[in-house]
Amino acid sequence: MVTNFLKNTLKRFGYELNHITQVKVEMPGYVLYNFLNQDGSFDYERYRGLQEEGNKRKISLVWVIEENIEFLSGYIKKLVPEARFGLCHGTRRGKEQEWFKKYLSCDVIGTEISNTAQEFPDTIQWDFHEAKPEWIGAVDFIYSNSFDHSYDPEKCLNTWMSCLKPGGVCIVEHSSLHAPKGTSALDPFGADLFLMPYLIVSWSQGKYGVKEILQAPKKAASLEQLHFIVIQKFP
Ligand SMILES: C[S@@+](CC[C@H](N)C(=O)[O-])C[C@H]1O[C@@H](n2cnc3c(N)ncnc32)[C@H](O)[C@@H]1O
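According to the working numbering, the sequence shown is numbered sequentially starting from 1086.
Put into structure tokens, the structure is as follows:
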């Protein structure tokens, strides 16, 4: 409580109070928080601890909207008519895998870093920056609205793309809260929508690119925009 009071007071005067090992990298349209040990190495335990704490604090909330998953299922059916296996990343209560299963009638697994994963069907406790060996080149579609929780978006997207079958599709949800103004230690990555295709192309090193950007049929009233960035591997 005292920390929050201090943070808010400092914020009013244009300052920000951060944990000593939290460094914010900022460029126009882009923010990434780093979690560093005193020796400059990555403090994974701090990242993981913050995510687990945030997950438990917000465990009753569902961000994903069923109507949007129904819309994306129709889209996936056209691009990947024989879709058999999908992955959803950062799924908390697991509603996205439930709804993709409902609309696509195929296997869908969700990853969740928190140990609350065990409470929800088709959800495994897993950090989405890593791929299980059996996922490599074996996934028809990937969906995530949690890309802003990545500590290293380049590593993260390269991991996700390595899992896709040829012709498979990765759909990254992007809202006004996934932009720099929505970042925090809990949501360490943020980039403006217009910058995302540039970042994706530079991370891909010619292996994949943005196919299109779709407007979501439905969004929360509090959001300025909600889009789906569709990413595909080049043949
Ligand atoms: C904004 S919430 C979205 C939850 C869910 N997709 C929804 O629509 O309600 C982000 C979720 O991603 C999880 N998460 C954060 N970092 C993760 C990581 N590296 N690997 C897997 N899950 C992660 C968090 O614990 C949290 O439950």
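C-beta: ideal position from N, C-alpha, C; glycine also.
- Within the segment 1190-1267, the runs of alpha helix (DSSP H) at least 4 residues long that lie entirely inside it are, in chain order, 1238-1248.
- Scanning its chain for C-beta atoms nearer than 8 Å, with the 5 sequence neighbours on each side dropped, one finds around A1168 the residues I1161, K1162, L1189, C1191, D1225, F1226, in chain order.
- When only Cα atoms are considered, F1120 and E1111 end up about 14 Å apart.
- Contact between Y1293 and Q1310 does not hold, since the beta-carbon distance rounds to 24 Å and is not under 8 Å.
- In the displayed model, K1163 falls within a helix according to three-state DSSP.
- Each residue's CA atom was taken as its position, placing V1295 and R1133 some 29 Å apart.
- For G1134, the enclosing alpha helix (DSSP H) starts and ends at 1129-1142.
- Between L1278 and H1312, the C-beta spacing is below 8 Å.
- In this structure the segment 1193-1211 does not lie against the segment 1248-1265, because fewer than three pairs of beta carbons, one per stretch, are closer than 8 Å.
- Straight-line measurement puts the Cα of V1193 at about 21 Å from the Cα of I1144.
- The beta carbon of N1140 sits closer than 8 Å to the beta carbons of R1177, E1197, I1198, S1199, T1201 from its chain, once the five residues preceding and following it are set aside; these are given in chain order.
- Looking at the backbone, the Cα of L1117 and that of S1158 are separated by about 31 Å.
- With a threshold of 7 Å, the Cβ atom of N1140 counts as near ligand 1, since some heavy atom of the ligand is closer than that.
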